[in-house]
Amino acid sequence: MLVVVSYRSIAFALFALALLGPLLGSLPAQGTTLRTVQQSNSRAKYAPGDANRPGICMEMLRAVEQAEPGLRFSGLDQQAPLRRVEIMLAQGEIDVFFCLLRSAEREKQWRYLPVPLYRIQHMVAMRQDGGDEPRDLAELVAASRDKPVVVTRGTVLAATLREAGVAVTEVASDFEALQMLAMGRTDHVYGQDLNLQRHLREFRSGEKLRIAATVFQTDLQFLAVGRKVPAAVERLLLRALQKLEREGQLKAISDKYR
């Protein structure tokens, strides 16, 4: 049988392929793997070796893999301090990171997906015999003139305190800060509620310390995405987070750590 194909049909087919080409090229390959890392010294977020409570961010990462089976994450055998995580994300050494607070400076370097992962509160830890609790930032500023407030190095929280005029000492982790508090080298440790609570549970002198009632600020943690991540992959991540939010899984994971 003789099949006749007109030049018009060929031209139309080529035109259709030209239109579909960019769309097809933007689709991620099956089984996309994104590079990431665990944050060290933040056991509320990442707790290697703890099968029951591996960290809120680790559990959310695994939930994303379940919600979007085409996505996988590598590099979770590595740990890095927060400042190193930021450098790796900005320089494209990792593709994504669970979980980061937003700031104007950070948003210049990478993107944030709009679905909030969980809420944190800025609070202070004190000794049980540490006297009156600061009721606001003005009182914390006054207290810091005697002994600087200790905060984890390179965090948005540290920047917030400095902008408010609080005298600060920055250290590697909340755990180190709590050690300084127990030894009397500071009267206040400023941190995220979930991190402080987790470290106090694990701190050998935790019964000597407490978390004050004042909430200085409330923030949201987000998934940060490097600028070189393809838009199609970013859409997959967003779709997974929207599904987890809609089904209440993000809230369930967050509630587990409160």
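When we follow the numbering used here, the leftmost residue of the sequence shown carries the number 42, and every step to the right adds one. Here a beta-carbon is modelled for each residue, glycine too, at the ideal position from N, C-alpha and C.
For the stretch 148 to 216, the full-length alpha helix (DSSP H) segments reaching 4 residues or more read 178 to 185, 197 to 205 along the chain. The distance from the Cβ of A85 to that of N236 is about 5 Å, consistent with a contact at the 8 Å cut-off. Taking C-alpha positions only, E275 is separated from L282 by approximately 11 Å. When C-beta atoms of the stretch 220 to 230 are compared with those of the stretch 155 to 171, three or more pairs fall below 8 Å, so the two segments count as touching. Using a Cβ distance threshold of 8 Å, Y231 and H163 count as a contacting pair. In this structure, DSSP gives R280 a helical state, which the three-state scheme calls helix. For L222, the secondary structure class from DSSP, reduced to helix, strand or coil, is helix.
Taking C-beta atoms as the reference points, P157 and F257 fail to come closer than 8 Å. Taking C-beta separations shorter than 7 Å and ignoring five residues to either side along the sequence, the partners of G206 in its chain run V182, following chain order.
For V126, no beta strand (DSSP E) run applies; the uninterrupted alpha helix (DSSP H) run containing it begins and ends at 123 to 131, by DSSP.
Setting aside the 5 residues that flank it on each side, G267 is surrounded in the same chain by L130, G133, D136, W151, each with a C-beta closer than 6 Å to its C-beta; the list follows chain order.
Rounded to the nearest angstrom, the gap between the Cα atoms of R124 and L198 is 13 Å. F216 and E146 have their C-alpha atoms roughly 26 Å apart. The three-state secondary structure of L291, taken from DSSP, is helix.
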